[in-house]
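Participant:
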Amino acid sequence: MISEAAVRDHLLSKSETISESSSSNIFFAKSYIEHSNGKLEGKQVEYNESSVQPVVNGNVEVMVAEVEYIESEKLDDLTDIDTSLKMLIPGLESKDWVLLCEALNNVRRLSIYHKDALEDILDTIISLLVKSLKNPRSAVCKTGIMTCADMFKAFGDKIIDFLDPLFVQLLLKSSQDKRFVCDAAEKALVALTTWVSPVLLLPKLQPYLKNRNPRIRAKASMCFSRSVRRLGVDEMKAYGIDKLIKTAAAQLSDQLPESREAARALLLELQTVYEKSPVLAPEPDAPSEEPSVCSWERFCESNLSKLSAQAVLRVTSMAREGHVVGS
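Taking the working numbering, the leading residue of the sequence shown gets 1, the next gets one more, and so forth.
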């Protein structure tokens, strides 16, 4: 069993800084026990991540460590891969949050430079990554979110079997009040929809469009809209453009404006692709000497309820009229 001290010595061998953003730093106060009259005395230290100065209760000497949220392109490669892998799981299991952040950064480094080394332990890594996303400490949570983004880019479709618990947490974090956590989670969701195939991702997203939490629905709608835009014509036909239109139409009446805006963007995309790609039009019931063209209006009316069709056509016709006026 690797001791936490050994893990700390390895993971903290390089001095690194964690900053909340480019303009503000986050300080971590760590207390130690000092000797007094031959006895060990320790006082409680409160951690305050939102303040530059730590809050200290009692006469305890405080060591302040400054850490930085490192962007992916600035992460250096690891010098000792074998030792880093050996220390990785104990580091991710550590209760020391500074050490845990460094272990997460090492997962990011391995994902970027040596992703093959993680494939055999991917399920364990993701299980521990989910725990970091649930961590109440913002520094751990944000570093975990950044780790998700790097893993989505590195592993792509290989992440799909492990996605559900990660996706739930990212949707929740992207809906929270802490702006710097929200921003990181939204970037991770963009990475997800960029690097994972929409054919695999859309079925995973679909259930969250009906989630009871309106904020989760809104974020899921945005992900769904971005993923559909990456579908090719053949993929869209295989998935069913009628299903996509029904999904977007349902989001038009959602509670939050984010959902409605994502639905409008999706409908405009579907209309454009439909009108440019005759292959998406339904085949006529009976053969005819003249080719039958099913207009966008007729297609919507035949696949949606009357009220839904009116709402969809209102959105797409207004956009078309606006384009004509502005051209």
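Ideal Cβ positions, reconstructed from N, Cα and C, are used throughout, including at glycine.
All figures in this text were calculated on a predicted structure; none of them were measured in a lab.
Distance check for residue 225 and residue 262, CA to CA, integer angstroms please.
Facilitator: Along the sequence shown, one-based indexing puts residue 262 at 262. Along the sequence shown, one-based indexing puts residue 225 at 225. Rounded to whole angstroms, residue 262 to residue 225 spans 6 angstroms at the Cα level.
Participant: Please return the same chain residues whose Cβ sits closer than 8 angstroms to the Cβ of residue 123, not counting the five positions on each side in sequence.
Facilitator: Residue 123 sits at position 123 when you count from the first residue of the sequence shown. Closer than 8 angstroms at Cβ, skipping near neighbours: 162.
Participant: Would the segment 111-123 and the segment 164-182 be scored as touching if the rule is three or more Cβ pairs under 8 angstroms?
Facilitator: Short answer: they don't touch.
Participant: Return the first residue and the last residue of the alpha helix (DSSP H) that residue 152 is part of.
Facilitator: As a position in the sequence shown, residue 152 is number 152, starting the count at 1. Where residue 152 is concerned, the enclosing alpha helix (DSSP H) stretches over 138-155.
Participant: By how many angstroms is the C-alpha of residue 235 removed from the C-alpha of residue 79?
Facilitator: Indexing the sequence shown from 1 puts residue 79 at position 79. Indexing the sequence shown from 1 puts residue 235 at position 235. Rounded to the nearest angstrom, the two C-alpha atoms are 43 angstroms apart.
Participant: Which term fits residue 213, buried or exposed, when burial requires 16 or more other beta carbons within 10 angstroms of its beta carbon?
Facilitator: Within the sequence shown, residue 213 is the residue found at index 213, counting from 1. Under the 10 Å beta carbon count, residue 213 is surrounded by fewer than 16 other beta carbons and is classified as exposed.
Participant: Could you have a look at residue 109 and say whether DSSP puts it in helix, strand or coil?
Facilitator: Taking the first residue of the sequence shown as position 1, residue 109 is located at position 109. DSSP places residue 109 in helix when its eight states are reduced to three.
Participant: What number of angstroms, rounded off, separates the C-alpha of residue 94 from the C-alpha of residue 267?
Facilitator: For the purposes of this step, residue 94 is taken as residue 94 along the sequence shown, with counting starting at 1. For the purposes of this step, residue 267 is taken as residue 267 along the sequence shown, with counting starting at 1. Roughly 47 angstroms separates the two Cα atoms.
Participant: When DSSP labels each residue in this structure, what does residue 88 get in the three-state scheme?
Facilitator: Mapped onto the sequence shown, residue 88 falls at position 88. If DSSP states are grouped into helix, strand and coil, residue 88 belongs with the helices.
Participant: Taking only three categories from DSSP, how would you classify residue 314?
Facilitator: Position 314 of the sequence shown, counted from the start, is the residue given in the question as residue 314. Three-state result, residue 314: helix.
Participant: Between residue 101 and residue 270, what straight-line distance do the alpha-carbon atoms span, to the nearest angstrom?
Facilitator: The sequence position of residue 101 within the sequence shown is 101, counting from 1. The sequence position of residue 270 within the sequence shown is 270, counting from 1. Approximately 42 angstroms, taken between the alpha carbons.
Participant: How long is the line joining the alpha carbons of residue 309 and residue 280, rounded to whole angstroms?
Facilitator: Here residue 309 refers to the residue found at position 309 when the sequence shown is read from its first residue. Here residue 280 refers to the residue found at position 280 when the sequence shown is read from its first residue. Their backbone Cα atoms lie some 18 angstroms apart in a straight line.
Participant: Does residue 71 come out as helix, strand or coil in the three-state DSSP assignment?
Facilitator: In the sequence shown, counting from the first residue as 1, residue 71 sits at position 71. If DSSP states are grouped into helix, strand and coil, residue 71 belongs with coil.
Participant: Enumerate, from N- to C-terminal direction, the unbroken beta strand (DSSP E) stretches of 3 or more residues contained entirely within the segment 222-265.
Facilitator: none
Participant: Starting from residue 203, trace the alpha helix (DSSP H) both ways and give me its first and last residue.
Facilitator: Stepping through the sequence shown from its first residue, residue 203 is reached at position 203. Element bounds for residue 203: 198-205.
Participant: With DSSP run on the structure shown, which of helix, strand or coil describes residue 212?
Facilitator: Residue 212 sits at position 212 when you count from the first residue of the sequence shown. Reduced to three states, the DSSP call for residue 212 is coil.
Participant: Taking the alpha helix (DSSP H) that residue 185 falls in, what are its first and last residues?
Facilitator: In the sequence shown, the residue the question calls residue 185 occupies position 185. First-last of the alpha helix (DSSP H) with residue 185: 179-195.
Participant: Find the nearest neighbour of residue 245 within the set 221, 257 and 256, judged by alpha-carbon distance.
Facilitator: In the sequence shown, counting from the first residue as 1, residue 245 sits at position 245. Residue 245 has its Cα closest to that of 221, out of 221, 257 and 256.
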